[in-house]
Every structure is written in structure tokens, then in C-alpha cells.
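This report concerns only the one structure given below.
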Amino acid sequence: MNFLLVASDRKTYNDEIISANKIVNFRLKLGKWPIYIGTKNSDSIQKNHKCIVYIAGKFENRQSFVCDFIVKDVLFNSTKENLEQKEFNIVTPVPLLNLVFETTKIKKAVHINEVVESLEFTKNYSKRSRGLPFIGGSRNLIDKDFNLLFEKINLNF
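For the sequence shown, our numbering assigns the number 17 to the initial residue and increments by one for each residue that follows.
Structure below.
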């Protein structure tokens with residue numbers, strides 16, 4: 017199965033904004049992606065599933081697909097560790113699970129406008145409601161959408 021994982025900007029306890037791009041870079045460097053209680057598909061993502069990362073938010077690489085990875089393991093967060101909260105002092109829930117993958121980095125930012133007309137999961141949304149399919153932190157991707165995004169992200173990388 018294929019999934020889209022979405023990262024958003026977060027507020028710190030000092031009311032500053034940490035960009036989704038910065039958060040994604042931290043996750044990719046660690047090789048861990050947190051899954052929270054209530055995240056869509058939290059019970060569906062498993063080892064060997066393929067993921068595409070999307071950066072929402074208002075800053076660098078916003079509204080862009082930026083990298084891919086294969087889930088190597090799904091670990092229950094029994095220690096209630098919250099690495100992002102420690103690193104950035106951000107307001108965020110404790111992850112329920114962590115997707116473990118080989119460390120990677122942002123490859124190429126593919127803006128939604130470059131591919132929106134070709135993606136199945138965005139076809140039923142108007143330009144004004146384009147953000148709706150990205151709500152919930154995760155969504156399934158059909159092979160056609162995954163393959164298109166994978167090719168674009170990895171082109172000339």
C-alpha cells in the first residue's frame with residue numbers, strides 16, 4: 017500500500033512558528049515519522065508500505081511533495097517519548113506510533129500546482145478547497161498517484 021504523510025507548521029510554547037519544512041527535515045534525519053491518536057490510516061500503515069511526504073504550511077517548500085520512503089518498522093511509542101517537542105519546544109501530542117525508515121532528506125519539492133490535474137485524489141476538489149484532501153495527517157494513495165509523485169520527486173535527484 018501507498019500513503020501520503022502530511023506535515024504542518026507548529027507553534028512553540030513561546031508562540032513562535034516552527035515550519036513544517038524544519039519539522040520534516042528533523043524527521044527525515046532521525047528516520048522516524050510520528051503517528052498520533054486520530055491520524056487517518058494509523059491502523060493501516062505497516063512495514064514495507066511506501067510513503068510520500070507532503071509539506072503543508074506557509075513557509076519553505078509549502079504545498080509540496082518532497083520525498084519518499086519505505087516503512088521498515090512500525091513501533092508502539094511505549095516510552096511516550098516526544099522527540100519533536102524536545103527539539104523544538106512545540107505544542108504537539110505524544111505520538112502513538114513511530115514509522116521507522118532509512119534516514120533520507122528532501123529530494124525535490126514538487127508543488128501541488130505542478131501535478132494537481134493529474135492526481136486522482138485531488139480531482140473532486142475545487143481550487144478553493146484544494147487543501148481538504150490533506151487533512152488528517154495521512155491518506156491512501158493509489159499506485160497511479162504514488163508513481164507519478166515518486167517519479168517527479170526523484171527526477172534529477
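Even for Gly, the Cβ is constructed at its ideal location relative to N, Cα and C.
(request) For the alpha helix (DSSP H) containing residue 129, list its first residue and its last residue. (result) 128 to 131
(request) State the start and end residues of the unbroken alpha helix (DSSP H) segment that holds residue 85. (result) It is not in any alpha helix (DSSP H) - residue 85 instead sits in the beta strand (DSSP E) that spans 80 to 86.
(request) State the start and end residues of the unbroken beta strand (DSSP E) segment that holds residue 11. (result) For the chain, the structure presents residues 17 to 173; residue 11 sits outside this window and is missing.
(request) Would you mind giving the Cβ-Cβ distance between residue 114 and residue 93, rounded to the nearest angstrom? I have them listed as a contact below 8 Å. (result) 6 Å
(message) My output table needs one value for residue 64: the three-state DSSP class, helix, strand or coil.
(response) coil
(request) Under 8 Å Cβ to Cβ from residue 119, same chain only, skipping five residues before and after it: list those, please. (result) 44, 45, 46, 47
(request) Taking residue 23 and residue 80 to be in contact with their CB atoms under 8 Å, please state how far apart those CB atoms are, rounded to whole angstroms. (result) 11 Å between Cβ atoms; not a contact.
(request) Classify residue 18 as buried or exposed, calling it buried when 16 or more other Cβ atoms lie within 10 Å of its own Cβ. (result) With 16 or more Cβ atoms within 10 Å of its Cβ, residue 18 is classed as buried.
(message) Can you give me the C-alpha to C-alpha distance between residue 66 and residue 87, rounded to a whole angstrom?
(response) 6 Å
(request) Give every residue of the same chain whose Cβ lies closer than 6 Å to the Cβ of residue 162, excluding the five residues on either side of it in the sequence, and list them in chain order. (result) 18
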